[in-house]
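So the protein sequences, as listed, match chains A and B. Under full-length UniProt numbering, the first sequence has 35 at position 35, and the numbering climbs by one with no breaks. Under full-length UniProt numbering, the second sequence has 23 at position 23, and the numbering climbs by one with no breaks. Beta carbons are placed, not taken as given, at the ideal position from N, Cα and C, and that holds for glycine. This one's a predicted model, so the numbers in the text were calculated from it and none came from an experiment.
2 protein chains.
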Amino acid sequence: MALVKVYVNYKKSILNPEAQAIQKALGRLGYDNIDDLKLGKYFEITVKDGVSRADLDKEINEICDKMLANYNMENYHYEIVETEAAQ
Amino acid sequence: MALVKVYVNYKKSILNPEAQAIQKALGRLGYDNIDDLKLGKYFEITVKDGVSRADLDKEINEICDKMLANYNMENYHYEIVETEAAQ
Chain A
1 MALVKVYVNY
11 KKSILNPEAQ
21 AIQKALGRLG
31 YDNIDDLKLG
41 KYFEITVKDG
51 VSRADLDKEI
61 NEICDKMLAN
71 YNMENYHYEI
81 VETEAAQ
Chain B
1 MALVKVYVNY
11 KKSILNPEAQ
21 AIQKALGRLG
31 YDNIDDLKLG
41 KYFEITVKDG
51 VSRADLDKEI
61 NEICDKMLAN
71 YNMENYHYEI
81 VETEAAQ
């Protein structure tokens, strides 16, 4: 089994009103140590056994490009964690 | 500067239709190696200098409980990455 953690974030040039609203609300609650807050998506994908690392890289990149991230507005990165058995 | 990465995921007992829809769509596209797909939120919080580790832990837990996660439906965990300077 492999667990793939995918992080999708807005590109720097893209405004994210939800993140801005949260940051402002934290300021109003007195948390004035917060310099910046970014909000993105986080996927945990469990992949079946028997997929080579090269195939897995190819597949994850395809999935991210096609479905998980909008390449006009978002960047993604991922990490692959090998696991012994299904959780 | 400290960078805090916060991961918010639905609890196991909570249905997540968005994650299910993505997983089914991947199956239809031929990605049948995917055993499970979870979708959560990912925050990157930059905290100003001069906050002790204990205060930072306290503050991040408060912020997560009050604002970033819904404790009825979601779990969170976080990691603190020390950084030299602002990005």
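(request) Please state if the CB of residue 67 of chain B and the CB of residue 80 of chain A are separated by a distance shorter than 8 angstroms. (result) Translated into the one-based positions of the first sequence, residue 80 of chain A becomes position 80. Translated into the one-based positions of the second sequence, residue 67 of chain B becomes position 67. It is not a contact, given that the beta carbons lie outside the stated cut-off.
(request) Inspect the CB distances between the segment 29 to 45 of chain A and the segment 8 to 19 of chain A and report whether three or more fall short of 8 angstroms. (result) yes
(message) Please report whether the beta-carbon of residue 69 of chain A lies at a distance below 8 angstroms from any beta-carbon of chain B.
(response) Taking the first sequence and counting its residues from 1, the one referred to as residue 69 of chain A is at position 69. No, no contact with chain B.
(request) Taking only runs that begin and end inside the segment 17 to 67 of chain A, name each unbroken alpha helix (DSSP H) of 4 or more residues, in chain order. (result) 17 to 28, 53 to 63
(request) Name, going along the chain, the residues of the segment 37 to 59 of chain A whose beta-carbon falls closer than 7 angstroms to a beta-carbon of chain B. (result) Residues passing the 7 angstroms Cβ filter: 37, 38, 39, 40, 41, 42, 43, 44, 45, 46, 47, 48, 51, 59.
(request) Measuring only between beta-carbons, confirm whether residue 153 of chain A sits less than 8 angstroms from chain B. (result) There is simply no residue 153 of chain A to check, as chain A begins at 1 and stops at 87 in what is shown.
(request) Could you please give the first and the last residue of the uninterrupted beta strand (DSSP E) stretch that includes residue 76 of chain B? (result) Taking the first residue of the second sequence as position 1, residue 76 of chain B is located at position 76. Here the beta strand (DSSP E) through residue 76 of chain B covers 74 to 82.
(message) I need the DSSP call for residue 5 of chain A, collapsed to helix, strand or coil.
(response) Looking up residue 5 of chain A in the first sequence gives position 5. Here residue 5 of chain A sits in strand by DSSP.
(message) Residues of chain A with CB closer than 8 angstroms to the CB of residue 7 of chain B, please, in chain order.
(response) If you number the second sequence from 1, residue 7 of chain B lands on position 7. What residue 7 of chain B touches in chain A: 42.
(request) Return the residue from the list A/18, A/28, A/78 that minimises the CA-CA distance to residue 64 of chain A. (result) Within the first sequence, residue 64 of chain A is the residue found at index 64, counting from 1. Per the Cα distances, A/78.
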